[in-house]
Structures are given as structure tokens and as C-alpha cells.
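So the structure is just underneath, and the comments pick up after that.
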Amino acid sequence: MAIDILMPALSPTMTEGKIARWLVKEGDAIKSGKVLCEIETDKATMEVEAVDEGTLLKIVVPEGAEGVAVNSVIAALGAKGEVYEQTSRRADEQTRKSTDAVANAPVIDPGCIPGMSPANQTQQISSARLLVCSSADEEKFYSGGTKTMTVREALREAMSEEMRRDPTVFLMGEEVAEYNGAYKVSQGMLDEFGPERVIDTPITEMGFAGLGVGAAFGGLKPIVEFMTMNFSMQAIDHIVNSAAKTLYMSGGQMGCPIVFRGPNGAAARVGAQHSQCFASWYAHIPGLYVLAPWNAADAKGLMKAAIRNPNPVVFLENEIMYGQSFEVPVHDDFVLPIGRAKIERAGKDVTIVAYAIMVGKALQAAEELWKLGIDAEVINLRSIRPLDVETIAASVRKTNRLVSVEESWPFAGIGSEMAALMMEHCFDDLDAPIARVCHKDVPLPYAANLEKLALPQIEDIVAAARGVCNR
Amino acid sequence: MVSKTKSEEQKLRGSGDNSKLSVSEILKMYEDMLLIRRFEERAGQLYGMGLIGGFCHLYIGQEAVVVGIQSAQKPEDSVITAYRDHGHMLACGMEPGGVMAELTGRIGGLSKGKGGSMHMFSREKKFYGGHGIVGAQIPIGAGLGFAHKYLKDGGVNIAYMGDGASNQGQVYEAFNMAALWKLPVVFVIENNQYGMGTSVARHAAGELYKRGAGYDIPGERIDGMDVLAVRKAAMDALEHARSGKGPVLLEMMTYRYRGHSMSDPAKYRTKEELDHVREERDPIERLKGQLLRDYGVKETDLAPIEERVKEECLRAVEFSKESPEPDPSELWTDVLVEA
Ligand SMILES: Cc1ncc(C[n+]2csc(CCOP(=O)(O)OP(=O)(O)O)c2C)c(N)n1
Ligand SMILES: [Mg+2]
């Protein structure tokens, strides 16, 4: 009886990869622990070792194949002399497994995302309502054309461009240099800029955050990468007390031009300590800017703005978004304004505000709502502090309803702020109480089903929007 | 009372030499120490009058540390310390009136009245604060050292901390990176025997000057009540750091005469202990004695200095009272640099 060898996932967020090389051939005797092949994702390369023993009956997916779904059959083992048959059972299983993998994967259907490849967009019912730009200012960047890139590439390009432009900009953090970044955001930057400007730090968040602040006081423009923002809790004192307050405490003398960046929010299946959104924590602090890009264009334009800004900026990235591709203007100086939200989808019945990965979910929810006859306006906040209250309030004055979506907890969250602001700015325009879609008020569980329940889902946004629309 | 770690015996042999010091240079150190002493006494007085509020940590007793080190610095060197910072600012040459007016919370203060006693800065004098979180100034100091190195400006950062602060984890994070990357930093522990009410014996295991040993940071214990000994050690340490050999740790044995802050009656130590230090080890009296005994200086030579210092402190006090409170509109300024 043949044993299937399945495409493994190298990380919780990996959904597909490339078979770079087979190190065994059909007919070989396989002992457990033997390296069978090398697989590659945009983040890493890894060897796949045999778990079971037997003779390699068949290499199902050949060397060089790309986009191989996690959990699909890549080879089969069997008894010596056994003949490999692609039974219908196995074929069925394979399709089921790969669709399962896709269904489980915490990945947004790219089809509804503006700026995604046009082939995908054509499937959408109301894609005409998707706006490429909400403002004329931003429009000008798109006239010169766009190119497709991942969020990861956009961040790297932004940092590299700014480092070419300004010799006082440097990058430091754990594994940013020789390892090319824990999430490969800084891949290749050491080669270009050298070890004086792309600096591997010890695992010492409080120390290197403080060191970065001192370097900023001393005339440099540090980009400090936290492997994930969860670990920035070790360093939060320097972000809040040293970086954010010194300008004020010095009567305007001691600016601190520094970017603290790293993946924020839930990853996938990594448990409570590695999955948390800190937007409201940092947004609480006067003296900080807090930015949260959603797509690659946001990532590039906002990162460049963050580096050029003379103030401390907390830049909240998202691991799950790193590998997703979007269109980004090719314009050689594409910088987005800080403090402006973007209307991603125009609508008249309800306003949905979201930031980071939740923008994609909100857009998908808007598609569902459209089918139900509800026309939602989706606002990508982009900047949490300062918040573009004007754009949000103008939208609410039009739709009279607001749903706030965030990956963080409800208590004192961004949604709470949204509710207070809307009471202050458009109390008389509201036709329904503001609805908050948040992380459930529990630490993030590990089990797949519980994790899904804890995090805001498209259905939750749809339900909240229907609720405020009474439909 | 100088002891050294083994690894450092060979390393810290600089050209620090007080024999070339001129009498006028020593008189300047005397004046700088006296200015701090008199300034702090005035600050204590203004506090008592209700003109200064909140926390106010006086430096009385520790003057030789900052004056000795400052006398060894070059203009390109930068300084950072914690909240017991008035002495450091005066030693850097920051205006006494501006410091005092900050203590009284007036617009003429160095932070326009928005920082207070613990938070003043001067880019011009390369004084980077003035930090209230115990130990946080140490990684920041390492970062200033990083900037000196990156910009190749030849400067060294002098990062001061208390004995209490030397127990913070981030101090060792900074030691590690500073040693690993050979940053030009001189770490100075001002061991005044207490972190608030807790004596060193009750808060610190081992000897503080050895605390860099695990990172191969040369460490030295110095009599911080002897300004000339401080100066010599600082010359060697600065030379070591400036030459690209990495950081140095100096433990300055000193003593604070007043309570931790104005509200501290200092019940955790005996009057005898304090009197003993004042009578036997006072840094200003000690230098005065040396000047009179070894440098041919007369009491009458010192009188004009004392007069000058007194006048300067009175002017600072006047300024700090006359300077108006900040305009209410100042509440909203300096939160962010306008891009
Ligand atoms: C992180 C932190 N913990 C506690 C305090 C409160 N605190 C202020 S000063 C101090 C004692 C510090 O003693 P030391 O470092 O020896 O400095 P000294 O006051 O003797 O100059 C304490 C506990 C603080 N400011 N920051
Ligand atoms: Mg102390």
C-alpha cells in the first residue's frame, strides 16, 4: 500500500511553494530522515526529510514546479517492486486536501482587492465601485503606470530607496542582515548597504530600541525592526518615554526621527503571545505617529513617509500580508501623506472603517453585502494616529451608519475611539449605534476553530453591517 | 582606593596625567564644583519656598564626579544622565538661569518650563538629558555613541547612572552592544551608596565596577570625592573609548548629602555617617586644601571665586522668579516636529 508524501508548510502562513530540487530518484530506497527534496517559498528554502521508509515509487510533482499547494501529494513511497497507481481515491483526496489547504489558509481572496491583477478583478460584481485612489494627490502617482509587487517587496523597496537617498538612514534589528530578515523583508539589503547600515542586533529589544533612540538624538535616522511587534513590549518604555516625549520635555529641541516597524496583529496558529494588534496601545501616545498599511502601495508610500518624517513612527506591518501582491505606482517618488485615510470602495448605505489586513476582509464583506442589496463604503484608515476624522465623518454623514473593524480587542480599542469621535463629530447624522467588530475579548487560542472564532471574520463584518442597516 | 579588573590592568593605561594641569585649570574645577554646590543650595531654598514643585534631586556631595569628567572631555563629546542632572548641566556650560527657571517652571527655562528638574537638554552643549526612567538613559547613551561612530565625528558619549540604576537589565543590554560593536562610550556609575533608601549592600551583589567584566569592558573604581583622581581616570577612559577600543566602565565612589529628593528625610542612614563624609571627604574642601597646600594658592585668591559664584547663583534665582510662566498656548506646541 503506497504512502503519500505531502507538500509541507514551512510556516503557519505558507500556502504554496516551489519544489526546487529532488535529491532522490524513483526506485531509491528511503530511510526516515533522508533528505528528499528542497522546497522554496518567498521567505525561505528548506529541506524535506522522509518520515516513513520504503522505496520511492513515484515523484508526482517534478523539480522546478511552482505554486505547489501545501498538503498536495508530491511523491509516493511503497514496497519494493510495487507499482504506483494514481487511484481515483487518491486523486480525489488530493483535490480535497488542496482545497482544504486553501480554505484554511488565512489568505484574502485577491479577487476583490483593487490594484490586484485584472484577471481576478473581472470576477467581481461591483468592482466598478472600487476606487484606485480617493484623492487627486494620490491619483497623480498612478498616471505613470504601476507594477505588481508583494507587500514585502514594497517595504524593502521603500527602505532601500530612502537609504540610497539619505546616508543617515540605517536598519537594525534581529536577523535583518545576514539572515536577510526573519520574514525576508530586508532580503539583499546587507549586500547593497553593508554591515554599517544593515545591522544584526542581539536579542535585546529594550536595549536596541533605546540605542536607536540615542542614535536618533545623535543625528541619525534609524529604522528599528522588531521581529514581531509582540516583542516591542520589551521595549515599549523607550518608544513611549524616550522617543515620544522628549521633544515636548525639551521644549522642542530634541526631535527623535525613528521608525519602529515589524509585523503586528495575528499571524496564523502561533498562539496568544505571538498574535496581538498594538494599534490602540501606541495610538494612545501623543508624540507618536502610528501607521498601518494594508496593501503594497500603502506599504511603500507610507514607509517612505515614515522614514522621512522627523518624528517617531510606529509602523505596523502584517505577516499574512507580506506575500500578497498588489499594484504599486512606478513613480520614482511615491510618498503617501500621513494622516489621510483612503476610501477603497465608495458606497452609500453604511461606512466600514478598517486598517491593515482587515481592509481586505472589509472589502470582501462589502461584496457580500452588495449581493444583499447593501452598498457599503470601505475606508482604509492607513494612519491610526493621527486619524483622518474628516474623511470618516464625511462618509458617516452620507451613510449615517458606521461599522469599525479591527484585529484588536474591543476594550479601549480603535472602535471605541471611533464611537466617541462619531458622537462628537456627527451625533445627529447617526441612524444607528456604531458597531464594533473586534478580536473577541480573550487571548488568541491555538486551535484552528477557536482561533477563527476569536478573530474578526467576513461574516462578522457582514452581520454587523446588516445589523446597523436593519436588514 | 583604586582597584582594577585583571583584564583591564593592561588595557587602561592612558596618558591621563594631572602633573601638567595648570593652577588656573584647577581653580576652574574648584569654581565649577562650587557653582554646583551653591546652585543646589539655592534650589533647595526655592523648593522650600514653594517656587519649585514635584521632584527635585540635588547633587550636593557628588560635584567632583561630573566636574572631573567634564574637565577631561573634548567639545565633540556628548553627555547623558538621569534625573539628578543639575550638576551635569552646569558642568556642560548650560546657563544657570535657564536651569533654575526650568526648576521654577517658567518660559525662560531650558525646556520652556515643560520639562522640569529631570528633563533638560542642550544640543549645543551636547547634553542629551535629563531622563526619569531609571536606567533608560544607558542604551540611549550607547546609541549616542553609535551615532558618534557612524558619523565619524570623533566624539565619545559619557553615560551616567546611579548605583541603583546599575541593576537594570537594559544597562547590560547596552553594555553588550557597546562592547560588541566597540562603541565610543564611557559608562559612569555614580555610586552614592543609596538608591533612594536602599543601600548598595542591600541592592547590589558583587562589585559594581566589575559588572562589565563579562563583556570584557574594562572597569575601574575611583574615589569620586577626589576631583583630580576623577579627571585622571576620565582622561584614560575617554582615550580608550575614542581610540576605537570600545567602552569603559568607571565606578565613582561618592555620596549624596541631601535626601534622595526634597521630600526624603533620609532616615535610612545615621547622622554620623553623613557627618563623617562631610568632614573627611568633602570634594570641595578637599580640593581647596590641595590648592592651599600644594599649589601655592591663598585664601584671598579664592574669595573672588566664591563671590562670583554667589552672584551668578543669585542672578539665576532672580531670573527664575522673574521669567513668566509659559503661555497657555505652549500646552499644544512641541508635541511633534512639523514635517
Ligand atoms: C524604572 C524606574 N523605577 C523606579 C523609579 C523610581 N526611582 C527614581 S530614582 C530611584 C532610585 C535610583 O537610585 P540610583 O540609581 O542610585 O540614583 P541616585 O538617586 O542615587 O542618583 C527610584 C527607585 C524610576 N524613576 N524608574
Ligand atoms: Mg544612588
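Read top to bottom, the protein sequences are chains A and B. Heads up: take any position in the first sequence, counting from 1, add 622, and you land on the numbering used here. Heads up: take any position in the second sequence, counting from 1, add 10, and you land on the numbering used here. Glycine is no exception: its CB is placed at the ideal position from the N, C-alpha and C atoms.
In the structure shown, Lys769/A adopts extended strand secondary structure according to DSSP, grouped into three states. The continuous alpha helix (DSSP H) containing Thr1013/A extends over residues Val1011 to Thr1021. For ligand 1, a non-hydrogen atom lies closer than 7 Å to the CB of His270/B.
Using a Cβ-Cβ cut-off of 8 Å, Gly686/A does not count as an interface residue toward chain B, since no Cβ of chain B sits closer than that to its own.
Distance from the C-beta of Asp95/B to the nearest heavy atom of ligand 2 is not below 7 Å. Checking the DSSP bridge columns, you'll see Tyr204/B partnered with Ser209/B. Here Ser339/B is exposed: its Cβ has fewer than 16 other Cβ atoms, across all protein chains shown, within 10 Å. For Thr973/A, the enclosing beta strand (DSSP E) covers residues Val972 to Ala976. Residue state for Ala169/B is assigned as strand, using DSSP reduced to three classes.
Counting only Cβ-Cβ distances below 8 Å, Val835/A has contacts in chain B at Pro149, Ile150 and Gly153, in chain order. By the C-beta criterion, the segment 673-685 of chain A is judged to be in contact with the segment 636-650 of chain A, since at least 3 inter-stretch pairs fall below 8 Å. The shortest C-alpha to C-alpha distance from Glu105/B to any of Ile70/B, Ile46/B and Phe185/B is the one to Ile46/B. In terms of beta-carbon proximity, Ile143/B lines the interface with chain A, with at least one pair separated by less than 8 Å. Cβ proximity to chain B below 8 Å picks out nothing from the segment 1034-1055 of chain A. Boundaries of the beta strand (DSSP E) harbouring Gly639/A: Glu638 to Trp644, taken from the DSSP string.
When the beta-carbon positions are compared, Arg1004/A and Asp920/A come within less than 8 Å of each other. Taking the Cα positions, Glu966/A is about 15 Å away from Leu1024/A. For a Cβ distance threshold of 7 Å, nothing in chain A lies close to Lys192/B: the least Cβ distance comes to about 12 Å. In this structure Ala1086/A touches Ala1057/A by the C-beta definition: roughly 4 Å separates them, less than 8 Å. Excluding the 5 residues flanking it on each side, Lys983/A has same chain C-beta neighbours closer than 8 Å at Ile730, Ala976, Val1027, Pro1078, Gln1079, Ile1080 and Ile1083, in chain order. His1061/A is outside the set of residues whose beta carbon lies under 8 Å from a beta carbon in chain B.
Beta-bridge annotation (DSSP): Arg883/A is paired with Glu847/A and Phe937/A.
If you look at Glu949/A, you'll find it in the beta strand (DSSP E) that goes Ser947 to Pro951. With a cut-off of 7 Å, the C-beta of Tyr204/B is classified as near ligand 2, since at least one heavy atom of the ligand falls inside that distance. A straight line joining the alpha-carbon of Gly103/B with that of Val319/B spans about 14 Å. Contact annotation, Leu658/A with Val670/A: C-beta distance approximately 5 Å; criterion of less than 8 Å satisfied.
Of the heavy atoms belonging to ligand 1, none sits nearer than 7 Å to the Cβ of Ala642/A. Per DSSP, Glu328/B lies in no beta strand (DSSP E) segment; the continuous alpha helix (DSSP H) that holds it begins and ends at Glu309 to Glu332. At a cut-off of 8 Å between C-beta atoms, Lys122/B counts as an interface residue with respect to chain A. Taking 7 Å as the cut-off, one finds no heavy atom of ligand 1 near enough to the beta carbon of His129/B.
With respect to the 8 Å criterion, Leu190/B and Pro257/B are not classified as neighbours on the basis of their beta carbons. Remark: the shortest separation between the CB of Gly103/B and any heavy atom of ligand 2 does not fall under 7 Å.
Apart from the 5 residues on each side of it in sequence, Gly893/A sits with its Cβ closer than 6 Å to the Cβ of Tyr1068 in its chain, given in chain order.
Rounded to the nearest whole angstrom, the C-alpha separation of Ala624/A and Lys702/A is 10 Å.
When Cβ-Cβ separations below 8 Å define contact, Met187/B makes contact with chain A. Residue state for Glu669/A is assigned as strand, using DSSP reduced to three classes.
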